[in-house]
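A.B. asks:
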Amino acid sequence: DVGKIGEFVNEIGVTFPILAADPSALRLTQAYGNSLGALPYSVLVDAQGVIRYLKTGILSESELIKMLEAQL
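Just add 4 to wherever you are in the sequence shown, counting from 1, and you've got the working numbering.
#1: Using the three-state DSSP reduction, which class does V13 fall into: helix, strand or coil?
#2: What residue range does the alpha helix (DSSP H) around L32 cover?
#3: Please tell me whether A24 and V6 are closer than 8 Å, where the distance is taken between their beta carbons.
#4: What three-state label does DSSP hand V18 in the structure shown?
#5: Does the distance from the C-beta atom of K56 to that of Q34 stay below 8 Å?
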């Protein structure tokens, strides 16, 4: 439920874009390298549209900070 996702995102203070889609969006995740359809799955795309980081599984705060800092 998109409403519940929005509530959760607001509750934990996420400040970056979140993609939420129905099950048919599996093709999109596959296009971004998620051949198994695993969740959670994180993708960092730079301003030029180049994929800079892919992660299957839980993405820790320290991992997120590290990958973002590498792009600055």
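We put the beta carbon where it would ideally sit given N, CA and C, even for glycine.
C.D. replies: Taking the geometry as given:
#1: Working through the sequence shown from its first residue, we reach residue 13 at position 9. Looking at V13 - three-state DSSP - the assignment turns out to be helix.
#2: Within the sequence shown, the letter at position 28 stands for residue 32. Counting along the chain, the alpha helix (DSSP H) containing L32 begins and ends at 30-35.
#3: Working through the sequence shown from its first residue, we reach residue 24 at position 20. Working through the sequence shown from its first residue, we reach residue 6 at position 2. Yes. Within cutoff.
#4: By 1-based counting over the sequence shown, the position of residue 18 is 14. V18: coil per DSSP, three-state reduction.
#5: Translated into the one-based positions of the sequence shown, residue 56 becomes position 52. Translated into the one-based positions of the sequence shown, residue 34 becomes position 30. Here the sequence assigns Arg to residue 56, which means Lys is not the residue at that position. Their beta carbons are not under 8 Å apart, which means R56 does not touch Q34 by this criterion.
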